[in-house]
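Take a look at the structure below.
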Amino acid sequence: MDFKGTTAVITGASSGIGLAYAHEFSKRGANLVLVARRIDSLNKIAADIKAESNVSVTTVALDLSTLDAGQKLMDELGRQKLQADILINNAGFGTNARVAKEDRKKIQQEIVLNVATLVDLSAAVLPGMLSRDFGVIVNIGSTASFQPVPGMAVYAATKAFVRSFTEALWGETVGTNVRVLTVNPGATATEFFDEGFKVSPASGLAPVSDVVKATFKALDSKSSKPSIIVGAQNSFMAKATRLLPQAAVIKVAGKMFLHD
Ligand SMILES: NC(=O)c1ccc[n+]([C@@H]2O[C@H](COP(=O)([O-])OP(=O)(O)OC[C@H]3O[C@@H](n4cnc5c(N)ncnc54)[C@H](OP(=O)(O)O)[C@@H]3O)[C@@H](O)[C@H]2O)c1
């Protein structure tokens, strides 16, 4: 796809996968709107990107884990006369405890950020994309979306929602020039596991470049797919979970993520 001169709105761009997307979109000539809470990090990233490319970069400091966050972001885009040609719904976090031991406020924020804001922003940008007959919505899922995960029950359920929602949205837009895609990474080397995780993923951490490469390969392909899984091993495992007995799959997932 040709992204030159388009505007890409990337949530969760202050680190990890979102930051890697920001660099790749700028290399491909897209102007950027970078959204996250850590405005100092965003401004530093904006300065770095402007120094190495000719694109414009706008930073927006926003907590996306509140129900009015999507509207706040749309209002800010309107105020700055920016339109989202591309929306990368990437901001998200996971909690790692038994549900009985979860911080209830934290899991509410997890659901609002990972699910409600992602849906609201998708719904907010879609009418404009359809009327212009051009747009891209990438929603970041996870390999955790393919099976329930004891010890990460809420996170895995949010990502199952993201995958189901986004695949349905693909079905509503297929045949138009609006591309909708859910990207499902496996364990990736970012700040994701830094906060509140007592376990480390069994299979090691892939670099963020794997996620970016797989995403652009899908977007550059002529045939539009609803969903991709990053990495051959992750892809194999996701498919295997559908063939194995569900109780065994859940127990194995729990062995990896329950820590007490
Ligand atoms: N790393 C993995 O193993 C992995 C695997 C599968 C899927 N994913 C998904 O990939 C996405 C990106 O995560 P990552 O791995 O790159 O982790 P990360 O390095 O922790 O990045 C998370 C990003 O989300 C932003 N964010 C978190 N809470 C926010 C809030 N309340 N409001 C606005 N922005 C918020 C963070 O920025 P601020 O802190 O500045 O707000 C940061 O930019 C997430 O959706 C995650 O679920 C990650």
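Each residue of the sequence shown is one higher than the one before, starting from 1 at the first, in the working numbering. For each residue, glycine too, the CB sits at the ideal point set by N, CA and C.
Query: Are there 16 or more other CB atoms within 10 angstroms of the CB of D120, so buried, or fewer, so exposed?; Result: buried
Query: What does the Cβ neighbour count give for A116, buried or exposed, with the cut at 16 atoms within 10 Å?; Result: buried
Query: Would the beta-carbon of A253 fall within 9 Å of that of P148?; Result: yes
Query: Return the chain-ordered list of same chain residues with a C-beta closer than 6 Å to the C-beta of A8, the five sequence neighbours on each side being excluded.; Result: F25, A30, L32, I86
Query: Going by C-alpha distance, which of Q246, I137, A36 is nearest T173?; Result: I137
Query: Check whether the region 95-103 touches the region 45-53, counting contact only when three or more Cβ pairs, one atom from each stretch, lie closer than 8 Å.; Result: no
Query: Going by the C-beta, is Q109 closer than 8 Å to any heavy atom of ligand 1?; Result: yes
Query: Where in the region 35-95 do unbroken runs of the beta strand (DSSP E), each at least 3 residues long, occur, reported from the N-terminal end onward?; Result: 57-61, 86-89
Query: Buried or exposed, going by whether 16 or more other CB atoms sit within 10 Å of the CB of L243?; Result: exposed
Query: Verify the contact flag: N54, CB atom, against every heavy atom of ligand 1, threshold strictly below 8 Å.; Result: no
Query: Looking only at C-alpha atoms, which of K72, V55, S142 sits nearest to V183?; Result: S142
Query: Do V208 and ligand 1 come close, with the Cβ less than 8 Å from some heavy atom?; Result: yes
Query: Taking only runs of the beta strand (DSSP E) that begin and end inside the region 112-164, which ones reach a length of at least 3 residues, in chain order?; Result: 135-140
Query: Can you grab the Cα-Cα spacing for the pair S145 / S131, in whole Å?; Result: 31 Å
Query: Within the present structure, is the beta-carbon of F236 separated from the nearest heavy atom of ligand 1 by less than 8 Å?; Result: no
Query: Could you have a look at A13 and say whether DSSP puts it in helix, strand or coil?; Result: coil
Query: Note down the Cα distance separating Q109 from S53, rounded to an integer number of angstroms.; Result: 35 Å
Query: Between which two residues does the alpha helix (DSSP H) containing V249 stretch?; Result: 246-257
Query: Is I140 near I45, with beta carbons less than 9 Å apart?; Result: no
Query: Looking at the structure shown, is V208 part of a helix, part of a strand, or coil, going by DSSP?; Result: helix
Query: Which same chain residues end up closer than 7 Å to M74 when comparing Cβ atoms and leaving out the 5 residues on each side of it in sequence?; Result: A124
Query: Is any heavy atom of ligand 1 found at a distance shorter than 8 Å from the C-beta of K106?; Result: no
Query: Hey, would you say the C-beta of L42 is under 8 Å away from at least one heavy atom of ligand 1?; Result: yes
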